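Taking it in order: structure first as structure tokens, then the write-up.
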Amino acid sequence: MLTSHLGRPTEGEFDENQSLAPIADWLSKQLGQEVRLVRNYLTHAVDVKPGQVVLLDNVRFNSGEKQCDATLSRKMAELCDVFVMDAFGTAHRAQASTYGVAKYAKIACAGPLLVHEIENLENALSNAQKPLLAIVGGAKVSSKLALLEQLVEKVDTLIIGGGIANTFLAASAINVGKSLYEEDLILTCHQILAKAKAHNTNIPIPTDVGVGKRFDEQEPCEIKSVNEIADDDMIFDIGPQTVEEYYHLIKQAKTIIWNGPVGVFEFPAFVGGTKALAEAIAESEAFSVAGGGDTIAAIQQFNIADKVSYITTGGGAFLEYMEGKELPAIAILQERFNG
Ligand code: AMP
Numbered sequence: 072m073l074t075s076h077l078g079r080p081t082e083g084e085f086d087e088n089q090s091l092a093p094i095a096d097w098l099s100k101q102l103g104q105e106v107r108l109v110r111n112y113l114t115h116a117v118d119v120k121p122g123q124v125v126l127l128d129n130v131r132f133n134s135g136e137k138q139c140d141a142t143l144s145r146k147m148a149e150l151c152d153v154f155v156m157d158a159f160g161t162a163h164r165a166q167a168s169t170y171g172v173a174k175y176a177k178i179a180c181a182g183p184l185l186v187h188e189i190e191n192l193e194n195a196l197s198n199a200q201k202p203l204l205a206i207v208g209g210a211k212v213s214s215k216l217a218l219l220e221q222l223v224e225k226v227d228t229l230i231i232g233g234g235i236a237n238t239f240l241a242a243s244a245i246n247v248g249k250s251l252y253e254e255d256l257i258l259t260c261h262q263i264l265a266k267a268k269a270h271n272t273n274i275p276i277p278t279d280v281g282v283g284k285r286f287d288e289q290e291p292c293e294i295k296s297v298n299e300i301a302d303d304d305m306i307f308d309i310g311p312q313t314v315e316e317y318y319h320l321i322k323q324a325k326t327i328i329w330n331g332p333v334g335v336f337e338f339p340a341f342v343g344g345t346k347a348l349a350e351a352i353a354e355s356e357a358f359s360v361a362g363g364g365d366t367i368a369a370i371q372q373f374n375i376a377d378k379v380s381y382i383t384t385g386g387g388a389f390l391e392y393m394e395g396k397e398l399p400a401i402a403i404l405q406e407r408f409n410g
């Protein structure tokens, strides 16, 4: 029996558009045998003979999935002799199909993808070959704060980009004009910089940037030194001098972690910084791990997927893992194993 979640349907309601029916068809073709889709698996015995595969429909149709309801979790556990957890992407959620079922199943263990994810992420973090370099870009310091605080203690170099770098520039008393930044996190940036100093971590700050006047896809890019930013400028990318400096740092690294674009890479005039760093990662011999929706979109756009050592399937789960948080669906497997 296989199962999964899909989308965010309303619990307790069947929704044709979020059914796993297309997955059952796909699996049937791949396996060269019929994979039946089963909807009433909580109320009727599932008829599955040795050698057969059935697909249990979207776990998020079940009432109590999100709340990790004990009755639902037990019902799911009773369906099987062995529960194999292989959904790294939802391992940060304690739900009936990720945590509850693992708690009550006769035997619960990790599947190959989950093992592979943990091994690769460990090789990029705790068992990393040094120098270890991380690139953390994206819109906001606030959404990556826990990640930055964790990485600053572990990496040798922390490259920041996007709105995050803008806030660090503002913290360095640089006028960022109308750029996206978080004024209320300037003090936090100072604390991160102090922590970096204490751990001997290099956090380079951009020396030149690509600016525009409007957040618009057609907006042209003007390169400016960070000391020349006008009050009506918006920083949308790192500049060529900064790219050059970061390129050399990336070349020296033996391990690279990448999450988040260093500019508004969706706009053609501001794709340069993210593209150059992505290409540096692609050229590098280092063990590289990348993850997050925008990062994967950038990797696809630049066609370098086969040159990144490991692309994680986790978005939120990847970030929480890198933040050093315990992922409940992994913790319960460890608990069962130890107990
Ligand atoms: P996040 O979801 O936090 O990883 O942020 C990704 C988004 O940040 C992308 O859509 C980028 O376009 C955006 N971004 C990157 N740099 C900037 C910047 N300097 N100003 C505004 N948005 C940015």
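Mapping to the numbering used here: the sequence shown position 299 is 370, numbers consecutive.
For every residue, glycine included, the Cβ atom is placed at its ideal position computed from N, Cα and C.
This structure is a prediction, so every number in the text was calculated from the model and none was measured.
Worksheet item: When the Cα of Ile-321 is compared with those of Gly-83, Ala-141, Asn-273, Lys-211, which residue comes out closest?
Response: Asn-273
Worksheet item: My guess is that Val-172 and Ala-141 are in contact by the Cβ rule of under 8 Å, so how many angstroms apart are they, rounded?
Response: The Cβ separation is near 11 Å, so there is no contact.
Item to complete: Starting from Asp-96, trace the alpha helix (DSSP H) both ways and give me its first and last residue.
Response: 92–102
Worksheet item: Does the beta carbon of Val-360 fall short of 7 Å from some heavy atom of the ligand AMP?
Response: no
Discussion item. Please report the straight-line C-alpha distance between Phe-373 and Glu-350, rounded to a whole angstrom.
Written reply: 8 Å
Worksheet item: Given that a residue counts as buried once 16 or more other Cβ atoms are within 10 Å of its Cβ, and exposed if not, what is Leu-258?
Response: exposed
Worksheet entry | C-alpha distance - Gly-344 paired with Pro-311, whole-angstrom precision | 7 Å
Practice prompt. Please confirm whether any heavy atom of the ligand AMP lies closer than 7 Å to the CB of Asp-303.
Written response: no
Discussion item. Closer than 7 Å to a non-hydrogen atom of the ligand AMP - does that hold for the CB of Ser-214?
Written reply: yes
Worksheet item: Of the residues Lys-146, Trp-97, Asp-96, Glu-136, which one's Cα is nearest the Cα of His-115?
Response: Lys-146
Practice prompt. Quick one: grab the DSSP three-state call for Cys-180.
Written response: strand
Worksheet item: Can you tell me where the beta strand (DSSP E) with Leu-229 in it begins and where it stops?
Response: 228–231
Worksheet entry | Outcome for Thr-81 when other beta-carbon atoms lying within 10 angstroms are tallied against a minimum of 16 | exposed
Worksheet item: Residue range of the alpha helix (DSSP H) that Leu-404 falls in?
Response: 399–409
Discussion item. I need the DSSP call for Ala-361, collapsed to helix, strand or coil.
Written reply: strand
Worksheet entry | Where the alpha helix (DSSP H) through Thr-142 begins and ends | 141–149
Fill in: Residue from Ala-95, Ala-162, Ala-176, Leu-73 whose Cα sits closest to the Cα of Lys-396
Ala-162
Fill in: Buried versus exposed, by CB contacts within 10 Å (16 or more), Gly-385
buried
Worksheet item: Counting along the chain, where does the beta strand (DSSP E) carrying Ala-205 start and finish?
Response: 203–207
Worksheet item: Along the chain, where does the beta strand (DSSP E) that runs through Phe-389 open and close?
Response: Premise fails: Phe-389 lies in the alpha helix (DSSP H), 387–393, not in any beta strand (DSSP E).
Worksheet item: Residues in its own chain within less than 8 Å of Ile-375 by CB, not counting five upstream and five downstream?
Response: Ala-349, Glu-350, Ile-352, Ala-353
Worksheet item: What is the DSSP secondary structure of Leu-73, counted as helix, strand or coil?
Response: strand
Discussion item. Going by beta-carbon coordinates alone, are Asp-279 and Val-297 separated by less than 8 Å?
Written reply: yes
Fill in: Cβ-Cβ distance between Leu-98 and Val-109 below 8 Å
no
Worksheet item: Where are the beta strand (DSSP E) runs, 3 residues long or more, that stay fully inside the region 236–303, in chain order?
Response: 279–283, 293–296
Worksheet item: Between the region 229–245 and the region 198–208, do three or more beta carbon pairs fall short of 8 Å?
Response: yes
Worksheet entry | Sub-8 Å separation of Leu-413 and Thr-169 beta-carbons | Since the first residue shown for the chain is 72 and the last is 410, residue 413 is missing from the structure and cannot be characterised.
Worksheet entry | Rounded C-alpha distance that separates Glu-293 from Ala-244 | 21 Å
Worksheet item: Whose CA, out of Glu-136, Ile-178, Asn-133, lies closest to the CA of Glu-406?
Response: Ile-178
Fill in: Cutoff 6 Å; reference Gly-283; Cβ partners in own chain excluding five residues on either side
Glu-290, Met-305, Phe-307
Item to complete: Could you name the residues that DSSP lists as bridge partners for Val-125?
Response: Arg-107
Discussion item. Along the chain, where does the beta strand (DSSP E) containing Ile-306 start, and where does it finish?
Written reply: 305–309
Fill in: Straight-line gap, Val-223 to Glu-394 (C-alpha atoms, nearest Å)
11 Å
Worksheet item: Between Gln-89 and the rest of its own chain, which residues show a CB-CB distance below 6 Å, the 5 nearest in sequence each way excluded?
Response: Leu-77, Gly-78, Pro-80, Asn-129
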